[in-house]
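Numbering (UniProt numbering), first residue to last: 1 to 170. Note that beta-carbon positions come from the ideal geometry of N, C-alpha and C, so glycine has one too. Fair warning: this is a prediction, and the values are worked out from it, not measured in the lab. Working notes for the structure below.
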């Protein structure tokens, strides 16, 4: 282990702890690393050009995930595999959103690998669209996690539309 790796590990431990928030962040980072490893093996061409902006979009999410995990660690410290308890279930929901984001990044890497293995495709390739849809799911989960941070308003579920009672005039 080099000096920079050692210093990064200490910085991560101080900022993210050793519990569920650190694990959620690390899961996201590993999925992102895997996505970029697969991207590096794509042949030059249209598919690579379509995929690079998606890779950049995913990479831009890592600091946001780190900020969410650090804020969660500061507000509800975790040093084990147990999600901290809360009356309103906020920490469970936040952890669920971060976990879903990490899983969605892994699915992005999987979709990219499947696209790579299937070879070249015609313009308007549906396989590239699959990767794009998965990236959109990652963005959605990260935004959901950010919305659950303390100090941000909880999204209220929309009230169901109840039809007005009909006047029974006889």
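Which residue from the options puts its Cα closest to that of residue i?
{"i": "residue 59", "options": "42, 29, 74, 136", "result": "29"}
{"i": "residue 142", "options": "68, 16, 108", "result": "68"}
{"i": "residue 40", "options": "151, 109, 148, 130", "result": "109"}
{"i": "residue 63", "options": "151, 26, 90", "result": "26"}
{"i": "residue 73", "options": "20, 3, 11", "result": "20"}
{"i": "residue 115", "options": "97, 94, 84, 50", "result": "50"}
{"i": "residue 61", "options": "149, 112, 145, 151", "result": "145"}
{"i": "residue 131", "options": "147, 117, 112", "result": "112"}
{"i": "residue 31", "options": "65, 117, 91, 93", "result": "65"}
{"i": "residue 95", "options": "107, 5, 37, 71", "result": "71"}
{"i": "residue 33", "options": "7, 87, 106", "result": "106"}
{"i": "residue 37", "options": "84, 151, 52", "result": "52"}
Taking the continuous alpha helix (DSSP H) assigned at residue i, which residues delimit it?
{"i": "residue 70", "result": "46 to 75"}
{"i": "residue 31", "result": "20 to 40"}
{"i": "residue 81", "result": "Here residue 81 belongs to no alpha helix (DSSP H), and DSSP marks it neither H nor E."}
Which of the three DSSP states, helix, strand or coil, is assigned to residue i?
{"i": "residue 109", "result": "helix"}
{"i": "residue 88", "result": "coil"}
{"i": "residue 148", "result": "coil"}
{"i": "residue 135", "result": "helix"}
{"i": "residue 157", "result": "Only weak support is given to the placement of residue 157: the predicted model assigns it a pLDDT of 44, under 50, and the value that follows is read from those uncertain coordinates. Residue 157 falls in the coil class under three-state DSSP."}
{"i": "residue 102", "result": "helix"}
{"i": "residue 124", "result": "With a pLDDT of 47 at residue 124, under the threshold of 50, the predicted position of this residue should be treated as unreliable, and no value is reported."}
{"i": "residue 162", "result": "With a pLDDT of only 46 at residue 162, under 50, the local geometry of the prediction cannot be trusted, and the value read off the model is given with reservation. Reduced to three states, the DSSP call for residue 162 is coil."}
With a threshold of 8 angstroms, are at least 3 pairs of Cβ atoms found where one atom belongs to the stretch 46 to 56 and the other to the stretch 79 to 89? no
Segment contact, 8 angstroms Cβ cut-off, at least three pairs: the stretch 100 to 115 with the stretch 136 to 148: yes
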